[in-house]
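Colleague:
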Amino acid sequence: MKQIRSSSSILRGIRTYSSSAVNKPELYLNPHAWQGLPADQVFQLHQIRKKYLGDAYNPTNEERTAILSTITSLTANKPALDYAFEIENFKERVMNNTPMKDRGKPQKLSNMFVINTGAEPHHSRRIENLHRVSAFEMPLLAKYRQPYTPKPRTQAPIKLTYNSDFSEDVSNKHNRKVTLYVELKDLQLTKEQEHKFKILAGRRFHHGSDSFQLKCERYPQAAQNVSWLIDTFNKLLAESKDLSKETFADIPLDKRHMKTWTTKPKPVFPEEWKRPQDAPTKRHEIVNNLVEMSKEKLDLDQLSKISP
1 MKQIRSSSSI LRGIRTYSSS AVNKPELYLN PHAWQGLPAD QVFQLHQIRK KYLGDAYNPT
61 NEERTAILST ITSLTANKPA LDYAFEIENF KERVMNNTPM KDRGKPQKLS NMFVINTGAE
121 PHHSRRIENL HRVSAFEMPL LAKYRQPYTP KPRTQAPIKL TYNSDFSEDV SNKHNRKVTL
181 YVELKDLQLT KEQEHKFKIL AGRRFHHGSD SFQLKCERYP QAAQNVSWLI DTFNKLLAES
241 KDLSKETFAD IPLDKRHMKT WTTKPKPVFP EEWKRPQDAP TKRHEIVNNL VEMSKEKLDL
301 DQLSKISP
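Numbering (this note's numbering), first residue to last: 1 to 308.
#1: To which residues of the same chain is L29 closer than 8 Å at the C-beta, ignoring the five residues directly before and after it?
#2: On the criterion of 16 or more Cβ atoms from any shown chain inside 10 Å, does H32 qualify as buried, or is it exposed?
#3: Restricting to runs no shorter than 4 residues, where is the alpha helix (DSSP H) found entirely within the stretch 195-258?
#4: Rounded to whole angstroms, what is the Cα-Cα separation between Q224 and N172?
#5: Which one of E194, M293 and W261 has the shortest CA to CA distance from A249?
#6: Return the bridge partner residues of T179 from the DSSP annotation.
#7: Check V42 in the structure and name its three-state DSSP category.
#8: For Q277, which three-state DSSP category applies?
#9: Helix, strand or coil: how does DSSP classify H174 here?
#10: Which of the three DSSP states, helix, strand or coil, is assigned to E88?
#11: Taking the alpha-carbon positions, what's the L303 to H122 distance?
#12: Where A142 and F136 are concerned, what is the direct C-alpha to C-alpha distance, given to the nearest angstrom?
#13: Is the beta carbon of H174 closer than 8 Å to that of D186?
#14: Alpha carbon to alpha carbon, how far is K159 from S227?
#15: Is the beta carbon of S167 less than 8 Å from the beta carbon of L184?
#16: Judging by CA-CA distance, which residue of E271, V182 and P265 is the nearest neighbour of F233?
#17: Compute the distance between the beta-carbons of K215 and T260, then report whether it is under 8 Å.
#18: Per DSSP, what kind of secondary structure is D169 in: helix, strand or coil?
#19: Going by DSSP in three states, N61 sits in which element: helix, strand or coil?
#20: Taking C-alpha atoms, which residue in K241, V170 and P220 lies nearest to E192?
#21: Specify the secondary structure class of Q302 as computed by DSSP and reduced to three states.
#22: If you drop the 5 nearest sequence neighbours on each side, which residues of the same chain put their C-beta closer than 7 Å to that of W34?
#23: With burial defined as no fewer than 16 other Cβ atoms inside 10 Å of the residue's Cβ, what is the status of Q47: buried or exposed?
#24: For T247, collect the residues of the same chain with a Cβ closer than 7 Å to its Cβ; drop the 5 residues on either side in sequence, then sort them by chain order.
#25: Just verifying my parser: in three-state terms, what is the DSSP assignment at N30?
#26: Going by DSSP in three states, V268 sits in which element: helix, strand or coil?
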């Protein structure tokens, strides 16, 4: 009776029954005797059995049948009980939590934990389906191959680069980020207009490759960031072509930001520092030599078969 009292502590806040069936010490260990009991009472016995057995708990067919039989007693007028998850948990344990090598065999009950949403087995099946598609269906797409002919650069001077991490959140900082890239020679500007364009572009202009680059991730969708990039670039280009107001001819170019664009130069060491005589000698090359000898022999055998 001491064990029953400690196990019944989990039932605080849950409606209890005065029926003597719950107080019997052997009832929660005999799920076959739960048939015909009220839904709340079956759920209490199920919780007591899980708490009492602990790690040794293993769902049985009798327990599952008793819980599933209480579904018909629930109506729309009664509040939903928490044991609805336990029913789904039974289904996941019995039906879906089976490795591929054991499928087709008689069902084996397990006490392996299944997450609340039951997404883990379904995720595994989706991965398996992708593997089947890549192995059996993707090779059939080879007959639709066509040669790739890139469009001339003059037709599309602006290059937009999108990012995708293949996650469900399409509005994270990686998916919504878009980069605009354009070379100065494709804009067909005069010398004065090019100088004004470089002044207005500032740190966004790369003087080494004569290119302009602008990034945007301020909006939640990539299409919104593309719209902002195109509008901003069009305003910059229109202002650069307009020399009636200001030409900025008296303002020199500021190239201090190029220090962060350029790569760090490689160190150059004096020739006298090179001492090959101090290099460690190669030892135990027997395996590598045998591998090379085997390759040469196989090559010669193959050539002798196809040579006239």
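C-beta: ideal position from N, C-alpha, C; glycine also.
Modeller: If we stick to the structure as given:
#1: R49 and Y52
#2: exposed
#3: 222-241
#4: 14 Å
#5: E194
#6: T161 and K215
#7: helix
#8: helix
#9: coil
#10: Any answer about E88 is weak, because its pLDDT of 48 lies below 50 and its placement is not dependable; what the coordinates show is given next. E88: helix per DSSP, three-state reduction.
#11: 52 Å
#12: 12 Å
#13: no
#14: 13 Å
#15: no
#16: V182
#17: no
#18: coil
#19: helix
#20: K241
#21: helix
#22: V42, L45 and A66
#23: buried
#24: E192 and K196
#25: coil
#26: coil
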